Each structure stands twice: as C-alpha cells, then as structure tokens.
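The block underneath contains the structure these notes are about, expressed in structure tokens.
2 protein chains.
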Amino acid sequence: MPNLAMTKGKRLHQDTADLKSLALALGLSQSTISRALRAHPGIPEATRRRVIAAAEAAGYRPNARARGLATGRTETIGLVFPLQRLQLPETNFVDVLAGISTAVTARNYNLLLSPFEDDEASVLRKLASSKSVDGVIITRPLVRDPRIALLNALRLPFVVHGRTEAQEPFSFVDTDNDNAFERLTDLLLDYGHRRIVVINGLAQFRYVAARAAAFERAFAARGLAPPPGAIEFVSMTEATGYETAMRRLGDPAPPTAFLCGSVFQARGVYRALAQHGLVVGRDISVACHDDGVRGCSAMDLSPPLTATATSIRGAGEEIALILIDLIEGKAAAPVQKILPFELVLRNSVGLAKPGA
Amino acid sequence: MPNLAMTKGKRLHQDTADLKSLALALGLSQSTISRALRAHPGIPEATRRRVIAAAEAAGYRPNARARGLATGRTETIGLVFPLQRLQLPETNFVDVLAGISTAVTARNYNLLLSPFEDDEASVLRKLASSKSVDGVIITRPLVRDPRIALLNALRLPFVVHGRTEAQEPFSFVDTDNDNAFERLTDLLLDYGHRRIVVINGLAQFRYVAARAAAFERAFAARGLAPPPGAIEFVSMTEATGYETAMRRLGDPAPPTAFLCGSVFQARGVYRALAQHGLVVGRDISVACHDDGVRGCSAMDLSPPLTATATSIRGAGEEIALILIDLIEGKAAAPVQKILPFELVLRNSVGLAKPGA
DNA sequence: GTGTATTGTGCAAGCGCTTGCATGATAAGG
DNA sequence: CCTTATCATGCAAGCGCTTGCACAATACAC
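Right, dumping it as structure tokens:
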C-alpha cells in the first residue's frame, strides 16, 4: 500500500490528491478523513494528526466545488461595483477594495469581483441564483435604493457600504457623514463664516443628502439659515472642485469659506484660490472630509487642510468582516455600524474677514 | 402540473429553481433541459425555445458549484498579487485590474482576487489543488521566476504579465520595454545627451533589467559607453524620482538628461528640477515611459513630457483574453505577446547644452 | 412491409465532498 | 460475565449538474 505520507518532498502529485486516494493510502474511510481535516469531534487526536500529516504531504486540498456543493457554502464573497470605478483616477474605491481584500484574506475567504456595466440587478440575481458566493457587498447606496429589497428577496446575505432609506432592515457600515459635516460646519460658523459654499457630491447618493442636511442642521442650531445656493451638487474630482470654486469666487458676494466633500475636490479648490491670489487660512478658509484615500491626504496640501478624518480602508475591512460573520451565523441580521471620525485641525481655517 | 413558464412576473421563486423542478414543470428530463440550455446539438429548436423561456421565467441559473463539479470548469480566473499593491498610492496595478475586469466581464467569466501577504507559492498551490479557478494571472516576474516552474508543475493554465527567463515555455503579455527604452535612449543621444541618468525600477524585476540592457545597447550601437553609475535602481514613486534627481544634480558633472521608468518618477524629477531652477526642455531634458496609468499622464506635466506610450489597461485586457482562450482551448500553450508602444514627442527634451 | 437512419429524449453514472445514521470495538458498570 | 455507554470509524445518500450511451419513435429507402 503506497503511503502518501512518505512521498513528501520535491514531487508534486496533486493529480491524485483527492479524498478517495488519501483514504486508500491511509487505510481509512473518506468520512474519517473529511472529519479529521475539519476537526470534527469524535476523531481521536492521534488519527487526526496522522491524517493531517498525510494530507499535507500529499498536498491535498479539498475540491472547493465539491465541498461547496455538499455544504452549500463557497467561502467566497462577492463585491459588486460599476466597472467604471476602477477606471476613474479619483476614487476611494480602491481603498475600500484594499480593506475588503485584507479582511477576506485574514478570514480565509475568497473575493469574487463582479463588475457591471449598467445592469447591477442582473448581476446580483446571477450571483444569487448561481450560488457562486455566500454573500455580497454593495456600495454607494442611492437615497432610495432598490437593491435592498432585491437582495432581501433573493435571500443573499449582504452588507452595504453606506446607508439608505429602506423599509426593511439591512446591514451596513457607514462613515458618520452626518456628524462629520455638522462638525465641520460648526467649526466654520465658530470662526465667523456665514457665506460658506459646500462642494458636495452628486445628489442621488444618500451620503450626499445626509451631508447637505447636516450642513443645514448646523446653521439651524444657531437660528441661522444657510445662504441660498450654498450647496453645490457636483462630482468628487479635483477638476470639479476647481471649476466650482472658480465660479463661486465670481459671486457678487463670494464665499469666505469652502467646505468640501473630499480631498480631491479640496485640491481643486486650492488651485482655484491660488489662481485668485488668495491665501488659504488667511484670506479664505477651506475644510473638508478626508477618507484617508491613498495618495490624497488632507495633510499633504499646503497649507495642510483641516478635515474630519476617517479610514475608508478600515471601513472596507469592517464591511467584509461583518459580511463573513453574517454568513457564518456569528452575527444576526441587521448589523449597522457607523464609524467614528476625528476632527483634525490644521491651518486651512481662519477667522472670517470682518468686512466679509 | 404547475407550469413555471406561466408564473413569470413579479414573483421571485429562485428557491426551487433547480434543474429538477424545471424538468418536472416542463415534463422533460433533466438531461434535455441541460442540453437545451447549453444549445447542444440534437435538441430541436422548438423544444429549446420552450425550455429557455421556462428557465428565464423561473429565474433559473445553473448552480455554479454543481456545474463546476460536473464539468471540471469554474469559468473563473484568479488574479494573484501582493496585497500591498492595492495599498500603495502609486501603482499601475489598478489599471491592469481594470483591464482584466473588462475582459472578464466581456467573456462572461468571473474574477477571483487572490491577494497574498508574502507566500505567493502557497496561494498558487491552493488555487490549483482546490480547483477554484480555471487559470491564473501572475504579475511582475522576477528576472528568474520560480513561479513558472511551479505553475507548469501544477498544470494550472496561466498568463504572466511580463516576461522572464525560464527553461519552459509559458504565456505572457508584455510591454515592449526593450525597444521602448532603446528608442528613448536613442532620442536623448540624438539630442546630444551623454550624461544621462536612468531612473529605473528595482533590480529584481525582469523588466527593469531589460530596460537597463536596452539603455546600454543604444549607447553601444553608436560605439559609446554609458557613463558609470548611469542607471539608478530605485522604486517607482514620485518621492524616489525626486530624491534621486536631487542627489544626481549634485554630481560633479550633473546629468543633462533624465530617463525615467514611469511618470510617477518623472513627476518627482520635475519637482527636483524646479527646485533647482532648471527649466525642463531648455536647461535639462527628461523623457520617460508612460503606461497610461489613470490620473498620471505624461501629457499633464508642464512642460508635457516626451514619452513612449502604452496602455497598461489594454495589457490587462489582453492578458485576461489570452488566459480565457487558453482555458477554452482556443489557443495553444505558449502565447507570447509583446505590445507595441508609440513614441510621443512633447517639449521635455531639448539639445544638450554645448558646454555640458 | 421490413430494414436502416435519423431524431428526440431519458437513464444513470459520475464529479468530490459532507454528514446522518449505523456499526463494531472497547471501556465501564453491576 | 453480561449489559450498557462510549468511542472510532464506515456506509451510503445526497448536493445539482453534465454526458455517454441506450432507447423508442419517427422518417426514409427500397
């Protein structure tokens, strides 16, 4: 009887490394091997060790498909996203992805990337009905997002990166946008600014709406109303930040402060201000929210930019961990986590000019 | 007998959407359904239509695991990469990933992301023996890369992004680094430059070695020898470009031209030159290779940078397409493709100062 | 009308694993 | 020494699909 355990070393004999041959080689049944490998109770320590040693030597790894078929699990999670988000230069998506990758690796899961061009729903349906993943992550919820209902109907575990309005419960991880923007607005108000322009994101996203509301709340809390047209709903890019700032600086009563949704936009604002010969922190103030995107830190602008800081990568990790917990039954249905932020004061905010 | 084909519409009844129930509902055997769905010959058009309609109505999609187990295929390819490449800000990896994603989506395959921390070999082994993918993509080959032999031994189809020395045949897609660098060097030589500093990548990678050799070849072709210490083997970042340029500008006989491996490095060089009050294209020349990384184009520097241009995203697409062809038997074993480049002349290269 | 193709469909055996239940062996209890 | 609990292991039935082969029905030839 060939003892696979003895043939370790240089040779790779994956070809025959299935349960059956292992069983044959060890003189045990497939069930025993399987249980030993999974550390099921009832298998004596000695046997287990023997099995594990043999498996290792043979380079045995259970066939994922067969295992999946038998268990109904794939130990794979899916990340569903618009293909475009990998193509645009200015995005925090890669950071989220990095976080997810880290968590998935740590938990020994696989990550299936499911980009879509325009029909996200059908990708989700396919993932669900073909049972290629145990759960999915979806991102950037709209203000009212139909995916929640769909995924619930499909009974596919999922975690959303971001919140949304929905009848039904769902799990999400989100930045504390509301409080971050209220805090930033408060700060600017404290410094005497009233003519603040918010360079926000596109209106269809929930987080954008939340930020707008937070901005208004901060004003309202002091019995003030934000100036009309204070909030600009534009994309999250340097170019847009630049254009918007340039345009608003031409206002009859130009803003004394800009509040940006991302460091990308803030960069553009800085460029516009420089072009106008305005010194940030002295002539005009800028603050923003900083997701901690790689290579685009509020700290690296000059002057360094006052911002609410969070780690979008950390969010990615959190999301994946929660999804896996959900899948493994280690957590119950709606896990809702709002990540804290930290306000980091730097030199980009100063007192509003008295005359302004 | 319930006719699933009639119950189309709002209801989602994925729960029972397996072959067996479909067969039952249609009064056909599972084999027939399976064959009809896969357009096997011998199934009359009429039956096929009926089956497809019913399947669609029922939201049926074959269970990927079961199908995989039966066919030995998963229609999934793996991308194996150091987790780190998703964490660093300056990388062309995301662009490659975008290209791969595009191709994979177009060919209706899935993409499994397999990051590793340090032990790539064991990830590859696992992928192979657990049969979770039909093939893998590996990147950035070393000068002599053990992965080739490993993957061949594992009999896992694979395509390498980049070339390497190897006894055995293997498939790859690579930029034409050799000729691009020879061409760039030629250009600088034409302009009279001799004291050129090459800011290359880290020496362990094959493409770095190829570029160094190309540089020397261009000199040799004119019976010249490059100045000693001409080639700097450093990382591909702005910071490194800056530091290296600063250092070399302090040479007793400072370079009259810099040749950079990436736009990232070139940016750093520009910064260093500006700091020295040198005008690019007049006082000193710079050229580089431009992979077309999102958000980091040679065109956007000022002055715009003369460069050999390729599309790293296109390379990603190509790689995935070739791997899929290989898997599907549409291509035979070693497919080796070297992507062309285009030399784009801009304003960053001028004549070497006579006295220099 | 018989013989042979051709056509449409089904049977059943896997694919490689997990797992409920059964079984034989050993240990413990009286 | 027999009974019962405990332990270590195996049997066999799936999981949901694909596919080689067989078969019945129909079409065609003569």
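First to last, the sequence lines map onto chains X and Y.
Taking my numbering, I'd label the letters of the first sequence as residues 1147 to 1502.
Taking my numbering, I'd label the letters of the second sequence as residues 1147 to 1502.
Built from N, CA and C at the ideal position, the CB exists for glycine as well.
Since we're looking at a predicted model, the values are computed, not measured.
Asked: Which complete beta strand (DSSP E) runs does the region 1235–1307 of chain X hold, if anything under 3 residues is left out?; Found: 1256–1262, 1281–1285 and 1304–1307
Asked: Determine which residues share a DSSP beta bridge with Lys1483 of chain X and list them.; Found: X:Val1319
Asked: Return the CA-CA distance between Asp1471 of chain Y and Arg1357 of chain X, expressed in angstroms with no decimal places.; Found: 48 angstroms
Asked: Between which two residues does the beta strand (DSSP E) holding Leu1489 of chain Y run?; Found: Glu1488 to Val1490
Asked: Between the region 1261–1285 of chain Y and chain X, which residues of the former have a C-beta closer than 8 angstroms to a C-beta of the latter?; Found: Pro1261, Phe1262, Glu1263, Arg1271, Lys1272, Ala1274, Ser1275, Ser1276, Lys1277 and Ser1278
Asked: Shorter than 7 angstroms from the beta carbon of Leu1170 of chain X to some beta carbon of chain Y?; Found: no
Asked: Verify whether the separation of the beta carbon atoms of Arg1329 of chain Y and Leu1489 of chain Y is less than 7 angstroms.; Found: yes
Asked: Give a yes or no on contact between the region 1241–1254 of chain Y and the region 1221–1230 of chain Y, applying the rule of three or more CB pairs nearer than 8 angstroms.; Found: yes
Asked: Could you check the C-alpha separation between Tyr1255 of chain Y and Leu1491 of chain X for me, to the nearest Å?; Found: 47 angstroms
Asked: Looking at Thr1456 of chain Y and Thr1285 of chain Y, is the spacing between their C-beta atoms short of 7 angstroms?; Found: no
Asked: On the three-state DSSP scale, how would you describe Thr1452 of chain X?; Found: strand
Asked: Alpha carbon to alpha carbon, how far is Arg1273 of chain Y from Pro1261 of chain Y?; Found: Note that residue 1273 of chain Y corresponds to Leu in the displayed sequence, not to Arg. Approximately 12 angstroms between the Cα atoms of the pair.
Asked: Touching or not, the region 1411–1420 of chain Y and the region 1352–1368 of chain Y, by the rule of three or more beta carbon pairs under 8 angstroms?; Found: no
Asked: Any beta carbon of chain X sitting closer than 7 angstroms to that of Thr1452 of chain Y?; Found: no
Asked: Is Ala1418 of chain X close to chain Y, meaning its C-beta is less than 7 angstroms from at least one C-beta of that chain?; Found: no
Asked: Thinking C-alpha only, which one of Y:Glu1191, Y:Ala1444, Y:Leu1485 and Y:Leu1469 is nearest Ile1458 of chain Y?; Found: Y:Leu1485
Asked: Since I believe Ser1408 of chain X is in contact with Thr1452 of chain X (beta carbons under 8 angstroms), could you give me their beta-carbon distance rounded to a whole number of angstroms?; Found: So it is not a contact: roughly 14 angstroms between Cβ atoms.
Asked: Does the count of Cβ pairs from the region 1377–1392 of chain X and the region 1333–1347 of chain X closer than 8 angstroms reach three?; Found: yes
Asked: If you draw a straight line from the alpha carbon of Leu1259 of chain X to that of Ala1210 of chain Y, how long is it in whole angstroms?; Found: 16 angstroms
Asked: Please list the residues of the region 1223–1235 of chain X that have a C-beta atom closer than 8 angstroms to any C-beta atom in chain Y, keeping them in chain order.; Found: Leu1229, Leu1232, Gln1233, Leu1234 and Pro1235
Asked: Taking contact to mean at least 3 C-beta pairs separated by less than 8 angstroms, is the region 1283–1303 of chain Y in contact with the region 1226–1245 of chain Y?; Found: yes
Asked: Identify, in the order they occur along the chain, each residue of the same chain with its Cβ nearer than 8 angstroms to the Cβ of Ala1479 of chain X, setting aside the five sequence neighbours on each side.; Found: Pro1315, Ser1317 and Leu1472
Asked: Around the C-beta of Asp1146 of chain Y, are 16 or more other C-beta atoms found within 10 angstroms, so that it is buried, or is it exposed?; Found: As displayed, chain Y neither begins before 1147 nor continues past 1502, which places residue 1146 of chain Y out of reach and without an answer.
Asked: Report the rounded CA-to-CA distance for Ala1366 of chain Y versus Ile1377 of chain Y, giving the unit in angstroms.; Found: 15 angstroms
Asked: By a C-beta neighbour count over all protein chains shown, 10 Å radius and 16 as the cutoff for buried, is Glu1362 of chain Y buried or exposed?; Found: buried
Asked: What are the residues in the region 1384–1418 of chain Y lying within 7 angstroms of chain X by C-beta distance?; Found: none
Asked: Could you name the residues of chain X that Gly1214 of chain Y contacts, counting a contact when the two beta carbons are closer than 7 angstroms?; Found: Arg1211
Asked: Taking Ile1198 of chain Y as part of the beta strand (DSSP E), name the residues at either end of that continuous run.; Found: Looking at the DSSP string, Ile1198 of chain Y is not in any beta strand (DSSP E); the run it does join, the alpha helix (DSSP H), is Glu1191 to Ala1204.
Asked: Does DSSP put Met1147 of chain X in a helix, in a strand, or in coil?; Found: For Met1147 of chain X, the predicted structure reports a pLDDT of 29, less than 50, and the residue's modelled location is therefore unreliable. A value from the coordinates is still provided. Reduced to three states, the DSSP call for Met1147 of chain X is coil.
Asked: Output the distance between the C-alpha atoms of Ala1169 of chain X and Gly1205 of chain X, rounded to the nearest integer angstrom.; Found: 14 angstroms
Asked: Starting from the C-beta of Arg1293 of chain X, find all residues in its chain whose C-beta is less than 6 angstroms away, skip the five residues before and the five after it, and write them out in chain order.; Found: Ile1284
Asked: Between Gly1245 of chain Y and chain X, is any beta-carbon pair separated by less than 7 angstroms?; Found: no
Asked: Using C-beta distances below 8 angstroms, list every residue in its chain close to Val1242 of chain Y, excluding the 5 sequence neighbours before and after it, in chain order.; Found: Thr1285, His1307, Ile1458, Arg1459, Ala1461, Gly1462 and Ile1465
Asked: The beta strand (DSSP E) that contains Gly1222 of chain Y, what's its start and end?; Found: It should be noted that the sequence gives Thr, not Gly, for residue 1222 of chain Y. Where Thr1222 of chain Y is concerned, the enclosing beta strand (DSSP E) stretches over Thr1222 to Pro1228.
Asked: So for Val1495 of chain X, helix, strand or coil by DSSP?; Found: coil
Asked: Taking beta-carbon pairs under 8 angstroms, can you tell me which members of the region 1191–1210 of chain Y lie near chain X?; Found: Gly1205, Tyr1206, Arg1207, Pro1208, Asn1209 and Ala1210
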